[in-house]
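Worksheet: the structure to be examined is printed underneath.
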Ligand code: C2E
Ligand code: MG
Ligand code: MG
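Residue numbers (this note's numbering): 33 to 465.
What follows is the structure, given as structure tokens:
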């Protein structure tokens, strides 16, 4: 589960922060007791960095916490190896061995960063290790720790470093095993038809259902209904989103065709979420065309929802495909507008028929004057550009009323219905005003 991986990363950060704080404090007190103040200050600085890492992890800033921990530890280790743990004829240097441990940690912790950055970090740490191990860096330093202390220190250092290596290897193993198990579970779920589409109503200003958004659910015998937050990232990472997304598209079009054959449901439009990886497939447009032809739906009833992440990667490729889809009559919607690096030029230059205002704005629209100003302006923008604007995440009557006054004509949110299975959705439509 993605959630389990995040929890493990959180605990890893807490553990790193705690070790930095405790080790720093322990040695800090020891060196202060010996009167070696500069060394003690260095150790206490590391202890405060450790506290910083814990605080940031608790504030749910894992990326910042990882960077502080990483840069802090790398800095401390280099300083220690260069000026404190100075090798002599009798006692070798050992602090630099931790650079290898840190390299392995960085390889694991920064796996979501860009590959070049991740390998540059690992490579830089290894290069530093080589320098400290091979170069005769014996700069006479007034800070150098006495041999009598270092003679004991080498045993402690090497034992701790090897134990840390084991822990990191074990964590990486667990991660790989879980990743594989999740991928296998996803594949089995698809072949055993355990994915279902839920439908969330989209309504007009009078509260009439005019459309639905198809939202994916995984029905697991043991864990019950699983929402996309818990598997979508893994599906993206493993490329499984491609067969899964293809299934979603087929299933949605099959459902749309069934609705179009039912008089009471003929007018209902259906929106389908498309991930960046799906759109990047060279034959994506052809896939959509085939699925539509096979199901026999009217193109104008199908909306594909894209987020900005789709556009930042390879804009030219995305634009070409979007124009082709638009030419086929498929509507395109810009999902979660305002949540990311929303660029107005996307709306101006690309063939979008709809913009979905993210919940981040609709949530606060009644109490927060800034949010209300933003929604009013987005609605005006939609009118100027001639595209539909739909407000997502409407939970309360007063949000519905205020956005209605601002000129919003389309809404989606728990107030009008949570995502529900197809039987419940048909029933809901039968009782819709
Ligand atoms: P999204 O496309 O922005 O979908 C809206 C999400 O907000 C849905 O979460 C929906 O259940 C939730 N929501 C709707 N109204 C309210 C409300 O009033 N209050 C609150 N708190 N939440 C509301 P869900 O179903 O968990 O889906 C999460 C995301 O997963 C979707 O965000 C979409 O990005 C992705 N997703 C879902 N199904 C698919 C799919 O078939 N393919 C792809 N590629 N992504 C999907
Ligand atoms: Mg969506
Ligand atoms: Mg959305």
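Ideal Cβ placement from N, Cα and C applies to all residues, glycine included. In this text, all values refer to a predicted model and were calculated from it rather than measured experimentally.
Original post:
So, residue 197 versus residue 266, is the Cβ gap smaller than 8 Å?
Top reply: The residue labelled residue 197 in the question sits at position 165 within the chain shown. The residue labelled residue 266 in the question sits at position 234 within the chain shown. Result no, Cβ atoms of residue 197 and residue 266 do not sit closer than 8 Å.
**OP:** Leaving out five residues on either side along the sequence, give the residues of the same chain with a beta carbon under 7 Å from the beta carbon of residue 384.
**Re:** Indexing the chain shown from 1 puts residue 384 at position 352. Answer for residue 384: 364, 365, 366, 419, listed in chain order.
**OP:** Thinking residue 222 and residue 260 are a contact (beta carbons under 8 Å), I'd like their distance in whole angstroms, please.
**Re:** Position 190 of the chain shown, counted from the first residue, corresponds to residue 222. Position 228 of the chain shown, counted from the first residue, corresponds to residue 260. Incorrect: roughly 14 Å between the Cβ atoms, too far for contact.
**OP:** Under the assumption that residue 138 contacts residue 153 (Cβ atoms under 8 Å), give the Cβ distance between them as a whole number of angstroms.
**Re:** Position 106 of the chain shown, counted from the start, is the residue given in the question as residue 138. Position 121 of the chain shown, counted from the start, is the residue given in the question as residue 153. So it is a contact: roughly 5 Å between Cβ atoms.
**OP:** Report the residue from 52, 126, 319 whose alpha carbon sits nearest the alpha carbon of residue 194.
**Re:** Within the chain shown, the letter at position 162 stands for residue 194. The shortest C-alpha to C-alpha distance from residue 194 to any of 52, 126, 319 is the one to 126.
Original post:
Who does residue 231 pair with in a DSSP beta bridge?
Top reply: Position 199 of the chain shown, counted from the first residue, corresponds to residue 231. For residue 231, which the question treats as bridged, DSSP gives the partners 246, 452.
Subject >> Whether residue 246 touches residue 304 by CB criterion (8 Å) >> reply: Along the chain shown, read from residue 1 onward, the residue named residue 246 stands at position 214. Along the chain shown, read from residue 1 onward, the residue named residue 304 stands at position 272. Contact flag set, yes.
**OP:** State yes or no: is the C-beta of residue 239 within less than 8 Å of the C-beta of residue 448?
**Re:** Translated into the one-based positions of the chain shown, residue 239 becomes position 207. Translated into the one-based positions of the chain shown, residue 448 becomes position 416. Yes.
**OP:** With DSSP collapsed to three states, give me the class of residue 421.
**Re:** As a working note, residue 421 is residue 389 in the chain shown. Looking at residue 421 - three-state DSSP - the assignment turns out to be strand.
Original post:
According to the neighbour-count rule (16 or more other Cβ atoms, all chains shown, within 10 Å of its Cβ), is residue 116 buried or exposed?
Top reply: Within the chain shown, residue 116 is the residue found at index 84, counting from 1. Classification of residue 116: buried, given that the 10 Å Cβ count is 16 or more.
Subject >> Residues that DSSP places opposite residue 80 in a beta bridge >> reply: Position 48 of the chain shown holds residue 80. DSSP lists no partner for residue 80.
Original post:
Whole-angstrom Cβ separation of residue 140 and residue 200, contact assumed at under 8 Å?
Top reply: The residue you call residue 140 lines up with position 108 of the chain shown. The residue you call residue 200 lines up with position 168 of the chain shown. Confirmed, about 6 Å.
Original post:
For ligand 1, any of its heavy atoms closer than 7 Å to the Cβ of residue 444?
Top reply: As a position in the chain shown, residue 444 is number 412, starting the count at 1. Answer for residue 444: yes, Cβ within range of ligand 1.
Original post:
Which partner residues does residue 304 have in the DSSP bridge list?
Top reply: In the chain shown, residue 304 corresponds to position 272, counting from 1. Answer is 246, 336.
Original post:
Nearest-angstrom Cα distance between residue 40 and residue 368?
Top reply: Along the chain shown, read from residue 1 onward, the residue named residue 40 stands at position 8. Along the chain shown, read from residue 1 onward, the residue named residue 368 stands at position 336. Rounded to the nearest angstrom, the two C-alpha atoms are 28 Å apart.
Subject >> Of the residues 124, 213, 234, 226, the one placed nearest residue 182, counting alpha carbons only >> reply: In the chain shown, the residue the question calls residue 182 occupies position 150. Of the listed residues, the one whose Cα sits closest to residue 182 is 124.
**OP:** Check each candidate in 175, 146, 319, 121 and name the one with the smallest Cα separation from residue 67.
**Re:** The count along the chain shown starts at 1 and reaches residue 67 at position 35. The shortest Cα separation from residue 67 among 175, 146, 319, 121 belongs to 175.
**OP:** Using the Cα positions of residue 100 and residue 309, report the straight-line distance between them to the nearest angstrom.
**Re:** For this step, residue 100 is matched to residue 68 along the chain shown. For this step, residue 309 is matched to residue 277 along the chain shown. In a straight line, the C-alpha of residue 100 is about 32 Å away from that of residue 309.
Original post:
Cα separation between residue 281 and residue 78?
Top reply: Taking the first residue of the chain shown as 1, we reach residue 281 at position 249. Taking the first residue of the chain shown as 1, we reach residue 78 at position 46. So the two alpha carbons sit approximately 53 Å from each other.
Original post:
Would residue 233 be called buried (16 or more neighbouring beta carbons within 10 Å of its own) or exposed?
Top reply: Locating residue 233 in the chain shown gives position 201, where the first residue counts as 1. Buried, since its Cβ has 16 or more Cβ neighbours within 10 Å.
**OP:** List the DSSP bridge partners of residue 369.
**Re:** By one-based count along the chain shown, residue 369 stands at place 337. The partner list for residue 369 (beta bridge, DSSP) reads 389.
**OP:** Return the chain-ordered ranges of every alpha helix (DSSP H) run that is complete within the region 132 to 184 and spans a minimum of 4 residues.
**Re:** 147 to 166
**OP:** Please confirm whether residue 461 and residue 289 have their CB atoms less than 8 Å apart.
**Re:** In the chain shown, the residue the question calls residue 461 occupies position 429. In the chain shown, the residue the question calls residue 289 occupies position 257. No, they are not a contact pair.
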